[in-house]
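Every number in our numbering is 3 more than the matching position in the sequence shown, counting from 1.
Each residue gets a CB set at the ideal place from its N, CA and C atoms; glycine is no exception.
Working notes, structure below.
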Amino acid sequence: MKVAGRVLVYILGSILVLILSFFIFLLIGYLQYTLFVPNDYVLWVFKYPYSRFIIVIVFYLFLVFFYFFFKKNRGKVSATKKRKNIWTAFIILNIIGFYIIFTSVTVVTEEKIIDHSFLHPQGEEYDFKDIVKIEAGVRGNRYYFPFTHNRGDFYYKIQLMNGKIIDLNDEASGYDEENDHPTFVLNKLDARLVDMGITKESSMDNFHYTTESLDRMYTDQIKNILERK
């Protein structure tokens, strides 16, 4: 019975950690939206690879759970100065890391692009004419590290005059209506940028993979983008 009880606590604790992680992710998105996204936005993106680092939060929550779960089986450890310094450094590094993740947001409005980062939390503003190249396509059947990309993921990368590259379809914002879905927004934006004469490279290679996870209304938007020159 004792073993069964510990297993039950472990299972329930793991489920609680996953639920808590989900709500923390939602909270981060809400705070990013509140602090960085203006009312006239058409699209905002939690930038890669920082958006994937959210898994670190899940990892930490599991560590905390296991620490308290097994704590009673460990002897009491005295807090030495060295141990305190290690914990202090650990906390400081994590605060810095969370700040870097939290500020990694790009916003697109009707008139400009605002790129937030840990060096420029207030955001650097770019006009659409500052875009020098567009690269669009679908990721193919190759190996991707966990929590990076998947086969069939559509990407829409813009390169700015300073060399910065941003994928406007990576962890794109939520939407209330179908016409606000990122694929619809990017289709309209792409038409505008192509009309401006911006260099564009796109390919229909791997397009068929998009049907594995997206409905026809969305894949049609992606097809329009990829075929537009």
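query: Going by DSSP, which residues form a beta bridge with Asp139?; result: Checking the displayed sequence, the identity of residue 139 turns out to be Ala instead of Asp. Partner(s): Tyr159 and Ser205.
query: May I have the straight-line CA-CA distance separating Ile14 from Phe65, to the nearest angstrom?; result: 12 Å
query: Kindly indicate which three-state DSSP category Val20 falls into: helix, strand or coil?; result: helix
query: Could you compute how far the alpha carbon of Asp118 sits from the alpha carbon of Asp43?; result: 15 Å
query: Quick check: the Cα distance between Gln1 and Pro52, rounded to an integer number of angstroms?; result: As shown, the chain starts at 4 and ends at 232. That puts residue 1 outside it, with no answer to give.
query: Whole-angstrom Cβ separation of Ile228 and Asp193, contact assumed at under 8 Å?; result: 5 Å
query: By Cβ distance, which residues of its chain are closer than 8 Å to Leu46, with the 5 residues on each side in sequence left out?; result: Val110, Val111, Leu171, Ala175, Ser176, Pro185, Val188, Leu189 and Leu192
query: Let me know if Lys50 comes out buried or exposed under the rule of 16 or more other beta-carbons within 10 Å of its beta-carbon.; result: buried
query: Straight-line CA distance for Asn97 to Ile18?; result: 24 Å
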